[in-house]
Amino acid sequence: MNEEGIREKMLVVLVESVIGKGRQTARNNMAFKCPFCHHTKSKLEVQLHTNEKKENPWHCWVCGEKGKTLSSLFKKIKAPSHKIAELYSFIKPGKKQEIQIHNISLPKEFIPLNNTSSLSKVTQIEARHALKFLKQRNITENDIIKYNIGFCTEGNFAKRIVVPSYDENGYLNFFSSRTYLPDETYKYKNPAVDRNIIAWEYYINWNAPIILVEGIFDALTIKRNVIPLFGKTISEALMKKIVGSQVQKVYIALDNDALKEAIKHCERLLSFGKEVYLVELGGKDASEIGFERFLENIEATPPLNFTSLITKKLELA
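The opening residue of the sequence shown carries number 16 in this note's numbering; numbering runs sequentially from there.
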């Protein structure tokens with residue numbers, strides 16, 4: 016078997032490790048059970064031989080999901096970041112990868128909260144406190160798994176829930192921590208690293224409306240195409256991405272004390288031709304009012320124009 020044949024064989028093994036066992040079809044393609052529609056038969060056909068356009072088209076003959084590259088398939092099914100990194104070593108062999116690796120790692124004391132049964136009894140007690148805190152904020156077991164939420168019992172982030180953020184390629188680019196102790200003075204603690212990032216980009220659809228909020232628990236409440244700013248400022252990386260993307264509608268839902276900053280963001284995005292909505296939350300934040308009431312606020316919020324923007328600015332003057 017030549018080098019290309021070996022590479023394709025290894026690629027089959029990688030794809031099967033992500034979406035399950037496949038079977039060979041015509042033209043040396045492979046068919047898999049579709050992870051989108053979950054049809055009982057293998058209806059997702061993948062071309063594992065890279066064509067002249069450097070593409071590996073894939074298509075489900077039942078639900079219609081399709082794409083041109085394996086990386087788009089892996090991202091759509093939320094494959095683990097190390098699987099995506101392994102994929103890039105196959106589809107771009109010998110080339111420098113244009114993937115931004117951030118100089119950050121989760122705390123060495125980080126413990127995932129998705130399976131606590133194997134922990135010591137003492138650690139399980141702490142895990143129950145963390146899980147109780149999350150449950151009180153309507154954060155589900157599925158949320159814990161999806162966002163890889165964990166906690167620490169020791170170290171700089173002891174007694175804190177830790178929520179990671181991943182870039183578009185699935186690499187860690189930030190994390191936020193929040194104490195689950197009721198009497199802790201400093202609720203949030205974040206790593207001292209560059210914040211010129213796009214938080215939660217791994218989960219973002221840049222062809223749909225996006226929502227900008229301040230904190231990680233606001234984002235966990237809203238769940239749908241939401242980006243936490245970890246503060247009141249839109250990073251330059253995020254601003255450039257929004258402006259250059261297909262996103263037309265941007266909802267800005269910052270806390271009441273950040274209304275002036277929110278209006279500045281609205282003005283800037285309006286100048287770039289985006290349809291902007293200033294979502295006011297009545298003095299509360301998204302995590303306090305909950306998912307349903309937040310949706311009601313969004314539906315009741317009209318788009319801004321420069322006239323209504325000036326009116327808002329005068330109201331705050």
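Glycine included, every Cβ here is placed at the ideal spot set by N, Cα and C.
Where the beta strand (DSSP E) through residue i begins and ends
i           : result
residue 175 : 175 to 181
residue 138 : Run containing residue 138: none in the beta strand (DSSP E); it sits in the alpha helix (DSSP H), 136 to 151.
residue 192 : 187 to 194
residue 264 : 264 to 268
Closest residue to residue i among the options (Cα-Cα distance)
i           : options            : result
residue 222 : 178, 80, 264       : 264
residue 334 : 295, 330, 313      : Given that the chain is displayed from residue 16 to residue 332, the structure contains no residue 334 and the question cannot be resolved.
residue 154 : 100, 85, 129       : 129
residue 272 : 299, 327, 251, 252 : 299
residue 119 : 92, 150, 186       : 186
residue 274 : 86, 247, 201, 67   : 247
residue 196 : 174, 228, 266      : 174
residue 231 : 259, 204, 92       : 204
residue 304 : 258, 98, 233, 126  : 233
residue 318 : 99, 295, 308, 302  : 295
residue 41  : 291, 279, 62, 48   : 62
residue 177 : 157, 131, 283, 126 : 126
residue 48  : 143, 92, 86        : 92
residue 101 : 33, 280, 307       : 33
Outcome for residue i when other beta-carbon atoms lying within 10 angstroms are tallied against a minimum of 16
i           : result
residue 289 : buried
residue 60  : buried
residue 287 : exposed
residue 79  : exposed
residue 58  : buried
residue 209 : exposed
residue 162 : buried
residue 71  : buried
residue 270 : buried
residue 159 : buried
Host alpha helix (DSSP H) of residue i (start-end)
i           : result
residue 322 : 321 to 331
residue 119 : Segment: none, residue 119 is in no alpha helix (DSSP H) and carries neither H nor E.
residue 296 : No alpha helix (DSSP H) contains residue 296, which DSSP labels as neither H nor E.
residue 159 : 156 to 161
residue 280 : 274 to 286
Same chain, Cβ closer than 7 Å to residue i, neighbours up to 5 away in sequence not counted
i           : result
residue 146 : 128
residue 64  : 23, 43
residue 31  : 37
residue 39  : 45
Beta-carbon contacts of residue i that lie in its chain and below 6 Å, excluding the five residues immediately before and after
i           : result
residue 172 : 122, 192
residue 112 : At residue 112 the pLDDT is 42, less than 50, meaning the model places this residue with poor confidence; the figure from the coordinates comes in the next sentence. These residues qualify, in order along the chain: 103.
Beta-carbon contacts of residue i that lie in its chain and below 8 Å, excluding the five residues immediately before and after
i           : result
residue 330 : none
residue 109 : For residue 109, the predicted structure reports a pLDDT of 43, less than 50, and the residue's modelled location is therefore unreliable. A value from the coordinates is still provided. Cβ within range, chain order: n/a, list empty.
residue 261 : 221, 222
residue 213 : 182, 183, 188, 219, 242, 250, 252, 253, 256
residue 27  : 37, 45, 63
Could you check whether the segment 162 to 181 touches the segment 205 to 220, counting it as contact only if at least three pairs of C-beta atoms, one from each stretch, sit closer than 8 Å? yes
Is the segment 156 to 172 close to the segment 118 to 138, with three or more CB pairs under 8 Å? yes
Within the chosen definition, does the segment 52 to 59 reach the segment 75 to 83 through at least 3 CB pairs nearer than 8 Å? yes
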